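In our numbering, the protein residues as written are 27 to 190.
All C-beta atoms, glycine included, are put in the ideal place defined by N, C-alpha and C.
Keep in mind the model is a prediction, meaning the values are calculated, not measured.
Written below as structure tokens is the structure these notes are about.
Set out below in structure tokens:
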């Protein structure tokens, strides 16, 4: 019987000591978690700062210029009308023509990309501009037979006159 009592006393003593160890372990665990949280916040702040430095410079501007020069119109060639438009940079330009109810819309988009090498690495700079112009189509032109061609940096739009 004596042996049982001693054993019981040891178990109780161990359990009490165990709860002290558990609370001590929790204390160290929470301190470690606080330290990890501080390191995490510090690292996130550092990454935000790094990303601000490395953020690509992106500037978009929109300018509208009202051209006061004489508007080009179709030339009357007797049996048809002709419109010529010089295109300055055909290598980097795309031309889109759209027939509206009583005019032709000419949209020229020029895009240039340039590779930039710096001490921090390689980047790219791009510039794009779009010019849009609407030219009235003469009332006696047959829009259904309109033709257009781009050759040697020159846009030609021809519209035959209506028959009869």
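CA nearest to the CA of residue i, picked from the options
i	options	result
residue 103	164, 181, 177 and 179	164
residue 101	144, 61 and 185	185
residue 179	111, 63, 161 and 65	111
residue 182	69, 144 and 99	99
residue 172	158, 148, 114 and 130	130
residue 115	157, 67 and 123	157
Alpha-carbon spacing of residue i relative to residue j, whole angstroms
i	j	result
residue 187	residue 166	6 Å
residue 160	residue 177	21 Å
residue 59	residue 146	36 Å
residue 136	residue 75	36 Å
residue 189	residue 107	13 Å
residue 53	residue 73	30 Å
residue 169	residue 132	15 Å
residue 67	residue 57	15 Å
residue 125	residue 113	19 Å
residue 65	residue 71	10 Å
residue 61	residue 144	38 Å
residue 148	residue 69	26 Å
residue 63	residue 122	57 Å
Neighbourhood of residue i by C-beta distance below 7 Å, restricted to the same chain and skipping five residues each side
i	result
residue 120	135
residue 128	162 and 163
residue 118	136, 137 and 138
residue 205	Residue 205 lies beyond the residue range present for the chain, which begins at 27 and ends at 190; the question has no answer from this structure.
residue 105	186 and 187
Cβ neighbours of residue i in the same chain (closer than 8 Å, five flanking residues each side left out)
i	result
residue 95	Note that residue 95 has pLDDT 49, beneath the 50 cutoff, so the model's placement of it is unreliable and no number is given.
Is the stretch 151-171 close to the stretch 129-143, with three or more CB pairs under 8 Å?
Counting Cβ pairs under 8 Å, three or more are found: they touch.
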